[in-house]
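*Asks:* My questions will all concern the structure given below.
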Amino acid sequence: MNNPSHSAAHSARHHVQTAVCIVGNGAIAKTAALAFAQSGQSVTLLGPPPAPQREDQASWDVRVFALNHTANKLLERLKVWGAMDQARIAPVDAMLVNGDGKNGGTLNFDAYGAHTGTLAWIVEDRNLNQALDAALRFAQNVHVVHGRATALHTEGDCATITLDDGSVLKSSLVVGADGANSWVRGQCDIGLDYRPYNQCGVVSNFACEKPHHGVAHQWFTCDEGIIALLPLPGNQVSLVWSAPESLSDTLCREGAARIAERLATYAAEKLGALTPLQPELVRAYPLKLMRPHSMVAPRVALVGDAAHVVHPLAGHGMNLGFGDVEDLVQAVAEREEHRSIGDERVLARYARARKEEVLLMQVTTDGLERLFGANLEPVRVVRNFGLNLLNKLPGVKRRLISHALGKQ
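The structure is reproduced here in structure tokens:
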């Protein structure tokens with residue numbers, strides 16, 4: 041018997057009907073496909089043809105995620121976590137946040153104080169996606185379709201997606217997992233609040249002279265943005281520098297060796313000298329806040345960046361997406377027998393389940409970005425005082441960290 045996951049992975053015109061159609065080709069879309077299939081639903085996964093791998097597989101991917109316990113448990117349940125290259129995953133045992141200026145405040149979290157084995161895990165995008173792709177090749181009830189969608193219509197209990205080659209995909213529920221510029225969201229005429237941060241996330245990887253001991257470091261610098269150095273296996277760290285656009289252009293132009301020199305101001309004491317792992321590999325991504333007015337529409341649910349885009353200073357954009365998948369699959373699984381998968385009430389329950397966590401992350405990241413972006417001395421004094429005060433309030437710290445860890 042042929043594996044159904046390959047039955048529609050060709051370009052010929054076809055008609056496919058499944059319970060769920062997921063649009064997207066990133067980690068959240070693939071995870072949603074596996075999760076729905078595991079729960080017993082038939083799934084179509086629609087995305088563009090896979091791009092050829094250009095980068096050296098042995099090199100370190102500059103795009104990394106700090107995955108929390110929600111993501112870990114979901115990926116373990118889907119048999120994806122164990123399929124990743126474990127030698128390329130680094131646990132985060134502690135986090136040290138530094139304020140700005142000579143008398144900058146500090147805030148630290150550690151796994152011991154949080155009563156957990158680890159705070160998070162640093163995982164490369166490539167490592168995660170390769171494991172997801174391998175799982176999809178063996179998944180039952182997942183039809184992979186490569187093509188470009190041109191129209192989405194909903195009528196009664198059915199949603200229909202038409203492709204540019206005339207193919208038709210029918211389902212009871214469409215899941216938009218197609219990123220910040222979501223085509224699905226656009227088809228549903230869902231309004232959007234948009235705020236550019238006028239910053240870019242500059243990423244690169246470095247070897248560090250001193251061991252990092254599993255500590256993630258973050259510096260709020262005001263003028264130069266927010267710098268994070270995340271632990272990789274061995275004496276290596278991954279940089280995520282949320283830099284003002286003019287500075288990010290300069291950083292990309294100067295290259296990783298000069299970035300390492302700039303980072304010495306902040307990191308030399310803790311990590312020693314930094315050496316670029318791949319001097320030519322520096323990437324930059326524009327940063328923005330996006331708040332769609334709804335996560336659902338008739339027969340449609342949005343997940344991941346299609347549903348919300350937040351500032352990366354907390355490193356939880358991907359974790360929100362995994363939380364979306366978990367709550368959506370649960371809402372569908374717990375529906376009453378007489379309700380279909382894409383029933384309005386089922387989707388409303390999903391939206392309610394996600395509202396608090398998503399809003400909290402949006403408000404927190406946006407508020408911190410505004411607070412630490414203000415270059416006024418009175419504000420600088422207050423925010424550094426606040427960091428120090430928060431560091432001395434274990435109860436508040438525990439609540440903060442429980443949100444960051446996700447569902448355990």
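Going from the sequence shown to my numbering is simple: count from 1 and add 40.
The beta carbon of each residue, even a glycine, is placed where N, CA and C say it ideally should be.
Only a predicted model underlies this, so the values are computations on that prediction, with no experimental measurement involved.
Classify His186 as helix, strand or coil using the three-state DSSP reduction.
*Replies:* Here residue 186 corresponds to residue number 146 of the sequence shown, with the count starting at 1. Looking at His186 - three-state DSSP - the assignment turns out to be strand.
*Asks:* Mapping the DSSP letters down to three states, classify Asn108 as helix, strand or coil.
*Replies:* Position 68 of the sequence shown, counted from the start, is the residue given in the question as residue 108. Coil, per DSSP.
*Asks:* According to DSSP, is Val208 part of a helix, a strand, or is it coil?
*Replies:* Counting from 1 along the sequence shown, the entry for residue 208 is found at position 168. Of the three classes helix, strand and coil, the one that applies to Val208 here is strand, per DSSP.
*Asks:* Taking the DSSP output, what are the residues bridged to Ala456?
*Replies:* Nothing about residue 456 can be read from this structure; the chain reaches only from 41 to 448.
*Asks:* Report the residue ranges of all beta strand (DSSP E) runs contained in full by the segment 250-280; include only those spanning at least 3 residues, in chain order.
*Replies:* Here the runs fully enclosed are 255-260, 266-272.
*Asks:* Between the Cα of Val242 and the Cα atoms of Ala393, Val386, Cys292, which residue gives the shortest distance?
*Replies:* Start at 1 with the first residue of the sequence shown, and residue 242 comes out as number 202. Checking every option, the nearest Cα to that of Val242 belongs to Cys292.
*Asks:* Using only the alpha-carbon positions, how far apart do Ala175 and Asp263 sit?
*Replies:* Against the sequence shown, residue 175 aligns to sequence position 135. Against the sequence shown, residue 263 aligns to sequence position 223. Whole-angstrom Cα-Cα distance: 44 Å.
*Asks:* Under the assumption that Gly226 contacts Asp204 (Cβ atoms under 8 Å), give the Cβ distance between them as a whole number of angstroms.
*Replies:* As a first step, residue 226 must be located in the sequence shown, where it is residue number 186. As a first step, residue 204 must be located in the sequence shown, where it is residue number 164. Not a contact, Cβ separation roughly 16 Å.
*Asks:* In this structure, what does DSSP give as the bridge partners for Asp150?
*Replies:* If you number the sequence shown from 1, residue 150 lands on position 110. Per DSSP, Ala134.
*Asks:* Once DSSP output is grouped into helix, strand and coil, what is the label at Thr158?
*Replies:* Looking up residue 158 in the sequence shown gives position 118. Looking at Thr158 - three-state DSSP - the assignment turns out to be coil, as it is neither helix nor strand.
*Asks:* Considering just the uninterrupted stretch of the alpha helix (DSSP H) at Thr58, what are its terminal residues?
*Replies:* Residue mapping note: residue 58 aligns to position 18 of the sequence shown, counting from 1. Here Thr58 belongs to no alpha helix (DSSP H), and DSSP marks it neither H nor E.
*Asks:* Do you know whose CA, among Gln170, Met330, Leu192, lies nearest Pro92's CA?
*Replies:* Here residue 92 is taken as the residue at index 52 of the sequence shown, counted from 1. The shortest Cα separation from Pro92 among Gln170, Met330, Leu192 belongs to Gln170.
*Asks:* Report back the beta-carbon spacing between Leu287 and Ala189 to the nearest angstrom; my notes put them in contact at under 8 Å.
*Replies:* Locating residue 287 in the sequence shown gives position 247, counting from the first residue. Locating residue 189 in the sequence shown gives position 149, counting from the first residue. Between Ala189 and Leu287 the Cβ distance is about 38 Å, and since that is not below 8 Å, they are no contact.
*Asks:* Would you tell me roughly how many angstroms separate the C-alpha atoms of Gln126 and Glu376, rounded to the nearest one?
*Replies:* Position 86 of the sequence shown, counted from the first residue, corresponds to residue 126. Position 336 of the sequence shown, counted from the first residue, corresponds to residue 376. Using only the alpha carbons, I get a separation of about 40 Å.
*Asks:* Spell out the partners DSSP gives His193 in its beta bridges.
*Replies:* By one-based count along the sequence shown, residue 193 stands at place 153. Thr200, per the DSSP bridge assignment.
*Asks:* Can you tell which of Leu387, Lys210, Val365 has its C-alpha closest to the C-alpha of Leu115?
*Replies:* The residue you call residue 115 lines up with position 75 of the sequence shown. Nearest C-alpha to Leu115: Val365.
*Asks:* Looking at Pro319 and Ala283, is the spacing between their C-beta atoms short of 7 Å?
*Replies:* Residue mapping note: residue 283 aligns to position 243 of the sequence shown, counting from 1. Residue mapping note: residue 319 aligns to position 279 of the sequence shown, counting from 1. No.
*Asks:* Inspect the CB distances between the segment 240-254 and the segment 207-219 and report whether three or more fall short of 8 Å.
*Replies:* As far as the Cβ criterion goes, the segment 240-254 does not touch the segment 207-219, which means the pair count is below three.
*Asks:* Flag Asp367 as yes when its Cβ comes closer than 6 Å to any non-hydrogen atom of the ligand NAD, and as no otherwise.
*Replies:* The ligand NAD is not part of this structure, which contains no ligands at all.
*Asks:* For His54, name the three-state secondary structure that DSSP assigns.
*Replies:* If you number the sequence shown from 1, residue 54 lands on position 14. In this structure, His54 counts as coil in the three-state DSSP scheme.
*Asks:* Hey, Leu118 and Trp161: beta-carbon distance below 7 Å or not?
*Replies:* Your numbering for residue 118 matches position 78 in the sequence shown. Your numbering for residue 161 matches position 121 in the sequence shown. No; because the gap between Cβ atoms is not below 7 Å, this pair is not in contact.
*Asks:* Since I believe Leu232 is in contact with Pro332 (beta carbons under 8 Å), could you give me their beta-carbon distance rounded to a whole number of angstroms?
*Replies:* Looking up residue 332 in the sequence shown gives position 292. Looking up residue 232 in the sequence shown gives position 192. Their Cβ separation, rounded to whole angstroms, is 5 Å, which keeps Pro332 and Leu232 in contact under 8 Å.
*Asks:* So for Gly139, helix, strand or coil by DSSP?
*Replies:* Counted from its first residue, the sequence shown places residue 139 at position 99. Residue state, collapsed to three classes: coil.
*Asks:* Can you tell me which of the three DSSP states Arg235 falls into?
*Replies:* What you label residue 235 is simply residue 195 of the sequence shown in a count that begins at 1. Correct three-state label for Arg235: strand.
*Asks:* Please list the terminal residues of the continuous beta strand (DSSP E) segment that includes Ala341.
*Replies:* Residue 341 sits at position 301 when you count from the first residue of the sequence shown. Where Ala341 is concerned, the enclosing beta strand (DSSP E) stretches over 340-342.
*Asks:* Excluding the 5 residues preceding and the 5 following Ala324 in the sequence, name in chain order all residues of the same chain whose CB lies nearer than 6 Å to its CB.
*Replies:* In the sequence shown, counting from the first residue as 1, residue 324 sits at position 284. So the qualifying residues of the chain are Cys240, Val242, Ser288, Cys292.
*Asks:* One question on the structure: do Ala130 and Pro271 come within less than 7 Å of each other, judged by their Cβ atoms?
*Replies:* Here the question's residue 130 lines up with position 90 in the sequence shown. Here the question's residue 271 lines up with position 231 in the sequence shown. Contact flag set, yes.
*Asks:* What does a CB cutoff of less than 6 Å around Ile62 pick up in its chain, not counting 5 residues either side in sequence?
*Replies:* Indexing the sequence shown from 1 puts residue 62 at position 22. Closer than 6 Å at the Cβ level, and outside the excluded window around Ile62, lie Ala69, Ala72, Ala73, Leu85, Val215, Ala217.
*Asks:* Report buried or exposed for Ser211, applying the criterion of at least 16 other Cβ atoms within 10 angstroms of its Cβ.
*Replies:* Against the sequence shown, residue 211 aligns to sequence position 171. With 16 or more Cβ atoms within 10 Å of its Cβ, Ser211 is classed as buried.
*Asks:* Could you spell out the range, first to last residue, of the beta strand (DSSP E) harbouring Gly216?
*Replies:* Residue 216 sits at position 176 when you count from the first residue of the sequence shown. Note, Gly216: beta strand (DSSP E), 213-216.
*Asks:* Tell me where the beta strand (DSSP E) around Gly219 begins and ends.
*Replies:* As a position in the sequence shown, residue 219 is number 179, starting the count at 1. Note, Gly219: premise wrong, no beta strand (DSSP E); not H, not E.
*Asks:* With DSSP run on the structure shown, which of helix, strand or coil describes Ser288?
*Replies:* For the purposes of this step, residue 288 is identified with residue 248 of the sequence shown, where counting begins at 1. Helix at Ser288.
*Asks:* Report yes if the C-beta distance between Cys228 and Gly312 is below 7 Å; otherwise report no.
*Replies:* Translated into positions along the sequence shown, residue 228 becomes position 188. Translated into positions along the sequence shown, residue 312 becomes position 272. Going by C-beta atoms, Cys228 is not nearer than 7 Å to Gly312.
*Asks:* Just how far apart, CA to CA, sit Arg389 and Leu329?
*Replies:* The residue labelled residue 389 in the question sits at position 349 within the sequence shown. The residue labelled residue 329 in the question sits at position 289 within the sequence shown. Arg389 and Leu329: Cα-Cα distance of roughly 24 Å.
*Asks:* Compute the Euclidean distance between the alpha carbons of His46 and Asp345, then round it to the nearest angstrom.
*Replies:* Position 6 of the sequence shown, counting from 1, holds the residue named residue 46. Position 305 of the sequence shown, counting from 1, holds the residue named residue 345. Caution is warranted here: a pLDDT of 46 is assigned to His46, below 50, making its placement in the model unreliable, and the coordinate value is therefore given only provisionally. Their backbone Cα atoms lie some 27 Å apart in a straight line.
*Asks:* How many whole angstroms separate the CB atoms of Ala199 and Val340, which I take to be in contact at a CB cut-off of 8 Å?
*Replies:* In the sequence shown, the residue the question calls residue 199 occupies position 159. In the sequence shown, the residue the question calls residue 340 occupies position 300. Contact flag correct, Cβ pair sits at about 7 Å.
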